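Sequences listed follow chains A and B, in order.
All the letters of the first sequence, read from the start, carry residue numbers 98 to 365 under our numbering.
All the letters of the second sequence, read from the start, carry residue numbers 280 to 708 under our numbering.
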Amino acid sequence: MSDALLNPANPANVFACRNLHVFVKDGDQEKEIVRGVDLTVQRGQKHALMGPNGSGKSTLAAALMGHPSYRVEGEIWLNGERVDALEPHERARRGMFLSFQYPVAVPGVTVANFLRASLAARRGTEIPVRAFRQELNEAFATMGIDPSFITRYLNDGFSGGEKKKLEILQMLLLKPAFSLLDETDSGLDIDALKVVSDGINQASGPDNGLLLVTHYQRILNHVQPDVVHVFMSGRLVRTGGMELVTALEERGYDWLTDEAAVAEGSRT
Amino acid sequence: MAETTAPAMAPARPALDETLLAALAAAAGDESGGLTRRLAAQVRYEAAETPSRVRHLWRFTDPARLLPMNLTAVTGAPGDVSHTLAPSVAGAAATIDLWPGLPPVVALSDDLPAGQLTVVSAGETAGSPALAADELFAALNEAAWNTGIGLAVADGARLPGPIHVRVHASAAASLPRLRLVVGRNAEAMLVEQHLDGGPETRVTGHTAITVGDGSRVRHAIVQVWGQGTNGHLSVSTKAGADADVLTVFGVFGGDEAKLEVRTDLAGKGSRSEIVGVTLVTGKQHGDVHTTHRHLAEHTSSRIDFKAVAAEHARSTYTGLIRIEDQAHHCEAYQENRNLLLSDRARADAIPELEIHNQEVSCSHGATIAPVDPEQLFYLASRGLEHGEAVSLVVGGFLENTMAKLPDDVRTMAEAFVGPRLAAIREGSA
Chain A
98 MSDALLNPAN PANVFACRNL HVFVKDGDQE KEIVRGVDLT VQRGQKHALM GPNGSGKSTL
158 AAALMGHPSY RVEGEIWLNG ERVDALEPHE RARRGMFLSF QYPVAVPGVT VANFLRASLA
218 ARRGTEIPVR AFRQELNEAF ATMGIDPSFI TRYLNDGFSG GEKKKLEILQ MLLLKPAFSL
278 LDETDSGLDI DALKVVSDGI NQASGPDNGL LLVTHYQRIL NHVQPDVVHV FMSGRLVRTG
338 GMELVTALEE RGYDWLTDEA AVAEGSRT
Chain B
280 MAETTAPAMA PARPALDETL LAALAAAAGD ESGGLTRRLA AQVRYEAAET PSRVRHLWRF
340 TDPARLLPMN LTAVTGAPGD VSHTLAPSVA GAAATIDLWP GLPPVVALSD DLPAGQLTVV
400 SAGETAGSPA LAADELFAAL NEAAWNTGIG LAVADGARLP GPIHVRVHAS AAASLPRLRL
460 VVGRNAEAML VEQHLDGGPE TRVTGHTAIT VGDGSRVRHA IVQVWGQGTN GHLSVSTKAG
520 ADADVLTVFG VFGGDEAKLE VRTDLAGKGS RSEIVGVTLV TGKQHGDVHT THRHLAEHTS
580 SRIDFKAVAA EHARSTYTGL IRIEDQAHHC EAYQENRNLL LSDRARADAI PELEIHNQEV
640 SCSHGATIAP VDPEQLFYLA SRGLEHGEAV SLVVGGFLEN TMAKLPDDVR TMAEAFVGPR
700 LAAIREGSA
């Protein structure tokens with residue numbers, strides 16, 4: 098990557114973080130979960146972040162979105178602008194999006210009302226009912242969700258697959274500049290995985306970027322990443338392309354554990 | 280719970296005498312003979328003990344703060360009924376305004392067939408539900424009610440629309456009394472709306488409903504008093520054999536307000552459902568009690584009460600299910616959910632079960648919780664500001680209970696809930 102592209106303010110970069118550390122309360126102490134991450138996503142790029150269970154992948158994704166449980170040090174950039182001091186809703190309005198691993202249910206709030214409020218917040222203007230309905234119908238058709246879901250309560254009693262489809266449906270509607278997709282593939286059967294992947298591909302374009310957090314290769318066969326990172330013990334230990342995914346499938350993470358340990362040793 | 284109760288001091292009760300009671304009876308249009316009943320009630324009122332604050336029913340609320348400060352023979356004048364909180368009920372069979380110190384103002388619909396609905400004594404207590412309100416308040420209302428009406432629905436009648444009663448707390452001491460007697464195999468709906476009231480207003484209200492065998496009655500009581508008003512409202516209902524009763528309540532207004540809803544399942548196969556919503560803010564104190572008493576076999580009851588407390592407000596709930604020994608094969612369910620919108624808001628929930636036979640199915644559930652921060656983060660991640668997210672969650676919390684309300688009642692409740700949700704959205708609540 099050229100030096101100019103390493104500048105997080107470069108308009109070619111849709112997202113960047115610099116020297117990012119994430120801490121979580123642990124009794125009276127703080128525990129460091131993310132231990133210094135530098136990441137740059139250019140417009141039009143898809144990045145994959147792979148790592149074993151408990152490596153801190155989900156913490157990283159939630160902290161980037163501004164989850165109040167975490168204390169963050171370092172810089173977060175979105176569209177050439179520092180956003181690490183902004184509230185989560187402000188980051189969302191500027192085009193950051195998080196697809197949750199476990200989307201929460203909000204009983205009593207219909208999918209339609211929620212989506213209308215979200216769209217209005219993202220676009221900064223109320224959407225006329227007729228236009229909203231048409232947009233909604235198209236997105237529901239794309240994601241293969243029954244239109245009757247618009248009157249259901251948000252994620253309330255939804256199956257795992259239905260929740261994940263609704264997350265990606267929101268990605269399609271909100272048209273984020275940068276999406277964090279936290280294990281969007283987990284709990285999906287083969288058919289649902291295909292639908293969800295197609296949705297992600299449809300929502301992706303030359304102007305936006307995404308970071309796909311996953312354990313597994315299978316979604317990466319549908320959503321081809323441009324860059325693959327391996328994340329272990331709170332750090333990016335390796336960055337490469339699809340060949341890295343193949344290597345992980347064949348060898349697991351252990352060989353990287355050794356290398357990470359070596360890298361750690363050489364650093365001190 | 281580490282609640283301590285001070286020894287009850289005898290509250291200053293307003294004094295009653297025959298001259299006053301006669302004047303109250305005359306102004307309210309009470310029938311001849313009404314005074315005799317009032318004098319008998321006066322004796323009970325004076326003998327009644329101050330409710331014990333050691334018992335659950337009054338543990339959280341001081342009865343002295345709800346009693347009228349003094350009683351005079353007010354001569355009321357009808358006020359303005361174009362208030363936004365007093366929407367008319369579409370297609371009402373009867374619209375009745377109760378102003379303290381005045382006879383009831385009754386407007387009947389032209390669609391009401393002759394003989395279906397008649398005016399009867401408001402003060403009569405014979406045949407009324409045995410489960411009365413707390414004796415002090417019950418006797419005070421019986422002796423000194425200063426506005427009221429009694430209505431009878433004929434056997435087999437199907438009223439073409441609801442009976443809409445607007446109860447105005449327009450006097451410093453407002454004591455409304457309502458009585459509804461529904462015959463056999465009839466259908467009726469009563470929408471009772473308690474409104475008006477300002478600083479230093481005190482209300483002591485009572486509603487008695489008798490539901491005949493095989494009848495279906497829906498009763499809504501919506502309290503939207505103005506700021507500064509304190510009061511005690513009680514509802515006693517008796518359901519006959521195979522009767523079906525729905526009682527809906529909304530407690531929204533006033534400063535300190537207690538509502539007691541008691542239903543006797545007196546006839547075999549009778550059913551009762553109580554659905555209620557409270558939303559209190561500022562320094563409001565809302566106190567709700569419900570009793571379902573099963574006296575007969577194959578009776579069933581359900582309670583669903585949702586309370587939201589914001590700012591410094593407090594909502595308290597005590598709910599009793601009592602199943603008598605002869606009442607076999609009963610089903611009873613009670614659910615109370617409380618949502619707290621600030622660190623300083625409080626809610627109390629005390630369910631009580633008294634079950635005197637084994638052949639019953641009875642359960643209850645109560646929760647008190649702040650808004651789930653994960654819900655708020657999810658909504659924030661979609662661009663919703665804090666206030667907007669909270670108001671969505673609160674609206675959702677109330678939704679499945681509000682959905683059980685008859686349309687007219689829901690409109691009435693929303694006229695009050697809507698602005699409060701908007702205030703939450705704007706961050707001012």
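For every residue, glycine included, the Cβ atom is placed at its ideal position computed from N, Cα and C.
This one's a predicted model, so the numbers in the text were calculated from it and none came from an experiment.
With 7 Å as the limit, tell me which residues of the stretch 185-196 of chain A have their beta carbon closer than that to any beta carbon of chain B; keep them in chain order.
Those would be Pro185, His186, Ala189, Arg190, Leu195, in chain order.
How long is the line joining the alpha carbons of B:Pro455 and B:Leu474, rounded to whole angstroms?
Each residue's alpha carbon lies about 12 Å from the other.
Taking only the alpha-carbon atoms, compute the straight-line gap between B:Leu345 and B:His511 and give it to the nearest angstrom.
Looking at the two C-alpha atoms, the distance is approximately 6 Å.
Using the DSSP secondary-structure output, state which residues sit across from B:Lys517 in a beta bridge.
Paired residue(s): B:Thr489, B:Asp543.
With a threshold of 9 Å between beta-carbons, can A:Met162 be considered close to chain B, or not?
So, interface residue.
For B:Arg593, count the other beta carbons within 10 Å of its own beta carbon; 16 or more makes it buried, fewer makes it exposed. Which is it?
When all chains shown are included, B:Arg593 counts as buried.
What does the alpha-carbon distance come out to for the pair A:Phe197 and B:Leu538?
When rounded, the distance between both Cα atoms is 43 Å.
Could you tell me the boundaries of the beta strand (DSSP E) in which A:Leu146 lies?
Per DSSP, A:Leu146 belongs to the beta strand (DSSP E) from 143-147.
In chain B, what lies closer than 8 Å to A:Val206 by C-beta?
Ordered by position in chain B, the residues that pass the 8 Å Cβ test against A:Val206 are Leu671, Val672, Gly674, Gly675, Glu678.
Of the residues B:Ala306, B:Leu620, B:Leu671, which one's Cα is nearest the Cα of B:His591?
Closest option to B:His591, Cα to Cα, is B:Leu620.
Going by C-alpha to C-alpha distance, which of B:Trp504, B:Asp604, B:Gly598, B:Arg581 sits closest to B:Ala611?
The shortest Cα separation from B:Ala611 among B:Trp504, B:Asp604, B:Gly598, B:Arg581 belongs to B:Arg581.
Expressed to the nearest angstrom, what Euclidean distance is found between the alpha-carbon atoms of B:Pro330 and B:Gly394?
Cα to Cα, B:Pro330 sits roughly 42 Å from B:Gly394.
Answer with yes or no whether the minimum CB distance from A:Pro200 to chain B is below 9 Å.
It does: the Cβ of A:Pro200 has a partner Cβ on chain B nearer than 9 Å.
Please identify the residue among B:Ala306, B:Ile428, B:Leu677 whose C-alpha is closest to the C-alpha of B:Ile488.
Nearest of B:Ala306, B:Ile428, B:Leu677 to B:Ile488, Cα basis: B:Ile428.
Determine the chain A residues that contact B:Ala659 at a beta-carbon separation under 8 Å, and present them in chain order.
What B:Ala659 touches in chain A: Gly163, Glu184, Pro185, His186, Ala189.
Look up B:Ser551 in the DSSP assignment and give the residues it is bridged to.
BP columns for B:Ser551 point to B:Val524, B:Ser580.
Look at the alpha carbon of B:Pro685 and the alpha carbon of B:His443, and state the distance between them as a whole number of angstroms.
Taking the straight line joining both Cα atoms gives about 13 Å.
DSSP three-state label for B:Val368, please.
The answer is coil: DSSP assigns B:Val368 none of H, G, I, E or B.
Could you tell me which chain B residues have their CB closer than 9 Å to the CB of A:Ser330, listed as they occur along the chain?
Those do not exist, as A:Ser330 stays about 25 Å from chain B at its closest Cβ, beyond 9 Å.
Could you tell me how far apart the beta carbons of B:Leu677 and B:Val696 are, in whole angstroms, since I believe they sit closer than 8 Å?
Indeed, because the Cβ distance is near 7 Å, the residues count as touching under 8 Å.
Only counting the same chain, and skipping five residues up and downstream in sequence, which positions put a Cβ closer than 6 Å to that of B:Val383?
Looking at the sequence shown, residue 383 of chain B is not Val but Pro. Excluding residues within five positions, the ones whose Cβ falls inside 6 Å are Ile375, Leu377, Ile428.
Looking only at DSSP bridge pairs, what is B:Met468 linked to?
Its beta-bridge partners are B:Arg497.
Look up B:Trp504 in the DSSP assignment and say whether it is helix, strand or coil.
Three-state result, B:Trp504: coil.
Buried or exposed for B:Gln605, please, with buried defined as at least 16 other CB atoms from any protein chain shown within 10 angstroms of its CB.
B:Gln605 is exposed by the Cβ-count criterion.
For A:Gln139, which of helix, strand or coil comes out of DSSP?
Reduced to three states, the DSSP call for A:Gln139 is strand.
So A:Met329 packs on A:Gly148, CB below 8 Å; how close in whole Å?
Right, their Cβ atoms sit about 5 Å apart.
When the distance is taken between beta carbons, is A:Gly177 closer than 9 Å to A:Asn110?
Yes.
Taking B:Pro392 as the reference, which of B:Thr597, B:Glu471, B:Gly440 has the closest Cα?
Among B:Thr597, B:Glu471, B:Gly440, the Cα nearest to that of B:Pro392 is on B:Gly440.
Taking the beta strand (DSSP E) that B:Leu345 belongs to, which residues open and close that run?
It is not in any beta strand (DSSP E) - B:Leu345 carries neither H nor E in the DSSP assignment.
From what residue to what residue does the beta strand (DSSP E) around A:Phe194 run?
Counting along the chain, the beta strand (DSSP E) containing A:Phe194 begins and ends at 193-196.
Quick one: which unbroken beta strand (DSSP E) runs of 3-plus residues sit fully inside the stretch 143-183 of chain A? Chain order, please.
143-147, 167-175, all fully within the stretch 143-183 of chain A.
Give the DSSP-derived three-state secondary structure of B:Met288 in the structure shown.
For B:Met288, the predicted model reports a pLDDT of 49, less than 50, meaning its position is unreliable and no value from the coordinates is stated.
Figure out for me which residue from B:Gly662, B:Pro698, B:Asp687 has the closest Cα to the Cα of B:Ser367.
Nearest option by C-alpha distance: B:Asp687.
Could you pull the start and end residues of the alpha helix (DSSP H) that A:Asn318 belongs to?
Note, A:Asn318: alpha helix (DSSP H), 315-319.
How many whole angstroms separate the CB atoms of A:Asp279 and A:Val310, which I take to be in contact at a CB cut-off of 8 Å?
Right, the Cβ-Cβ distance comes to about 5 Å (below 8 Å), so this counts as a contact.
Using the beta-carbon count (16 or more within 10 Å), is B:Gln654 buried or exposed?
Flag for B:Gln654 reads buried.
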